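Residue numbers (this note's numbering), protein chains in the order written: chain A, 2 to 350; chain B, 2 to 350.
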């Protein structure tokens, strides 16, 4: 097992609705695209071996493979497992061991399509928060009207309720993420609210606005409404996990509805069918991006290690996107940069 | 001024971004469609007279008009007015007087495209809650995958935070609304949450779920996620005003994004342009329905009178839809039915 590769990422291959059939296909796609990438396949050794054989990689080839290795585990966290039960009882699960490998420095990031609640609890327990971070958050990105720009949004469901200081910290972490991963100088940070006026919203949102506007390292641009999430008025949108989860899933719902209605329109006549077949791929891509954790994965930030969550229902190309997201975060050293930012922010505050 | 018509609705003609030029055009469209409708045009008499003249109704014709009359006022609530200031200082505004006329029984409903916060505060102050109702709510409807069904959603922004009993009451009011206005027997009531499982979400949502499931008059069907708002799994979706506002405005944002992207696709080639011109009307209509307060208006329910809020940016046909929504609620006696339901629910609980 070569762990001296430039870049080592561990995959929880057992997670997700489709498990190894998807995750291992994505792994092969990833190593082909990135020659300096080493992937540790964490899970049931027999199942992994069989799936590799299906993809024309024999046990002999694996033994000498420079980019692939197996870390065998005996348990699997099920989609139906309660987080607390998984955390207590499944210490030899593929998910838990993948996180342990990140914690031990044997991998630089972990990618899983497994049970979100369990992954969040385990990651929090194993990797611990970056000093000063009160709550880790789930972050992902959505498309905007400007084809070249995306907008990060957090928290997407890791924390049901967040007080003003936690929202403030999400702003700081989101700023680092947009700066490092998308190379944006002074990312525009906005708070999701029910109106743009300063008098709108709950007290904790108003307090968070005050805290963000007082930090000179943060380019706080004010409140933003749901209708402007995609308007490229901000690079990072901050909200609590309940609101973020509802907003994100509403996007998915609208996209599905419009897709269904457009399919009906595209089958109305021969001309419509012809045109529909031309336009469908670009529409399909747009609708996929409206479901970002399915498309790019969502990252848990605020922890001492990198954890990317792919959608439970992800296909191989979506899981590949999640691996690529993890690679970016490793290359840009996102946890390290958040740590620096928090050290700096805690001395100046 | 004939106030003995079967159906009398008062319009705050000064409200909205476009004011009388839109609201009075919509009024003329409404009386043409509904011969037993009487509309009271509440606002600046000179401006109203000029706008009626533009639409070929002379002062002489108005004096004897069976369906139109003016209620002159001297003040206007501006979109920028703070609710509390409007409530205290603008007692002769078109908005306030329109609500007064409903309170005095001289009109059966009020329609306004004015400042939402001010309308909500004034309506609450003038009309008062139905006995037993803790908080009035803003309700509107969204399209579903089933072209013949819509889904009501409340609260859409009248109340930032709602405790469990307030959410429960929203469920009861929403049930009455769906039953009366859309004729649904035993409407399916769901709570918007970040997961379908019973363990998900905040304590007040879990408590509201318990309260709703214990009321045998309510067909409570459980939690629903944002992605299923449009899936026709519920007839009424209940949430607090912050979450509802974000969800609703996110729908509008996604619709705008998809519309922009599809316009780009529709202009890519000659064939695309040709097909685009064929398909655009049906797309446009769908996107409009994703912005329901612009399309149908949103109603304030839980008050002793009927108040329908049209979007500030509504055009004449959208303001007409809001008038038609008000007519429906008058015909089905929604406040009376909510009152009965609350009396019944408070004796059985």
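Ideal Cβ positions, reconstructed from N, Cα and C, are used throughout, including at glycine. Remember, predicted model here, so these are calculated numbers, not experimental data.
Contact between the segment 135-144 of chain B and the segment 87-104 of chain B is absent: fewer than three C-beta pairs spanning the two stretches fall below 8 Å.
In this structure, residue 205/B keeps its C-beta atom at 7 Å or more from the C-beta atom of residue 236/B. Annotation: residue 177/A to residue 156/A spans about 15 Å, alpha carbon to alpha carbon. The beta carbon of residue 181/B is closer than 6 Å to those of 333, 335, 338 in its chain, skipping five residues each way along the sequence.
When 91/A, 113/A, 260/A are compared, the shortest CA-CA separation from residue 325/A is found for 113/A.
By the rule that beta-carbons nearer than 7 Å mark a contact, residue 268/B does not touch chain A. Residue environment: residue 170/A is assigned as buried (16 or more neighbouring CB atoms within 10 Å of its CB, all protein chains considered). The beta carbon of residue 93/A sits closer than 6 Å to those of 74, 75, 76, all from its chain and outside the five residues before and after it, given in chain order. Under the Cβ criterion of 7 Å, residue 86/B is not counted among the residues facing chain A. Within a 10 Å sphere around the beta-carbon of residue 297/B sit 16 or more other beta-carbons, which makes this residue buried. Residue 116/A places its beta carbon less than 7 Å from that of residue 82/A. With distances taken between CA atoms, residue 318/B lies nearest to 28/B out of 188/B, 241/B, 28/B, 233/B. Along the segment 211-236 of chain A, going in chain order, the ones with a CB nearer than 8 Å to a CB of chain B are 226, 227, 228, 229, 230, 231, 232. Distance check between residue 90/A and each of 108/A, 122/A, 70/A, 71/A places 122/A closest, using alpha-carbon atoms only.
For the pair residue 135/B and residue 218/B, the Cα-to-Cα distance works out to about 19 Å. In the structure shown, the three-state DSSP call for residue 13/A is strand. The C-beta distance from residue 118/A to residue 84/A rounds to 4 Å, short enough to fall under 8 Å. Checking the DSSP bridge columns, you'll see residue 224/B partnered with 192/B. Counting other Cβ atoms within 10 Å of its Cβ, residue 310/A reaches 16 or more and is therefore classed as buried. For the pair residue 102/A and residue 188/B, the Cα-to-Cα distance works out to about 51 Å. Within its own chain, the residues whose Cβ lies closer than 6 Å to the Cβ of residue 179/B, once the five positions on either side in sequence are excluded, are 153, 185, 188, 236, 237, listed in chain order. Per DSSP, reduced to three states, the secondary structure at residue 77/A is coil, with no helix or strand assignment. Going by C-alpha positions, residue 32/B is about 7 Å away from residue 68/B. The beta carbon of residue 146/B sits closer than 7 Å to some beta carbon of chain A.
7 Å or more divides the Cβ of residue 173/A from the Cβ of residue 242/A. For the pair residue 257/B and residue 129/B, the CB atoms are not nearer than the 7 Å cut-off. Collapsing the DSSP output to three states places residue 52/B in a helix. By the Cβ criterion, the segment 208-224 of chain A is not in contact with the segment 8-16 of chain B, since fewer than three pairs of Cβ atoms, one from each stretch, lie closer than 8 Å. The Cβ atoms of residue 72/B and residue 41/B lie closer than 7 Å to each other. Residues of the segment 233-260 of chain B whose Cβ lies closer than 8 Å to any Cβ of chain A, in chain order: 240, 242, 243, 244, 246, 247, 248, 249, 250, 251, 252, 253, 254, 255, 256, 257, 258, 259.
Taking 7 Å as the threshold, the shortest C-beta distance from residue 303/A to chain B does not fall below it. One alpha carbon belongs to residue 46/B, the other to residue 63/B, and they sit about 12 Å apart. Excluding the 5 residues flanking it on each side, residue 329/B has same chain C-beta neighbours closer than 7 Å at 182, in chain order. The beta-carbon separation of residue 25/B and residue 49/B, rounded to 7 Å, stays under the 8 Å limit for a contact.
Assigned with DSSP and collapsed to three states, residue 21/B falls in helix. Sequence-ordered contacts of the segment 116-130 of chain A with chain B are nonexistent [C-beta pairs closer than 7 Å].
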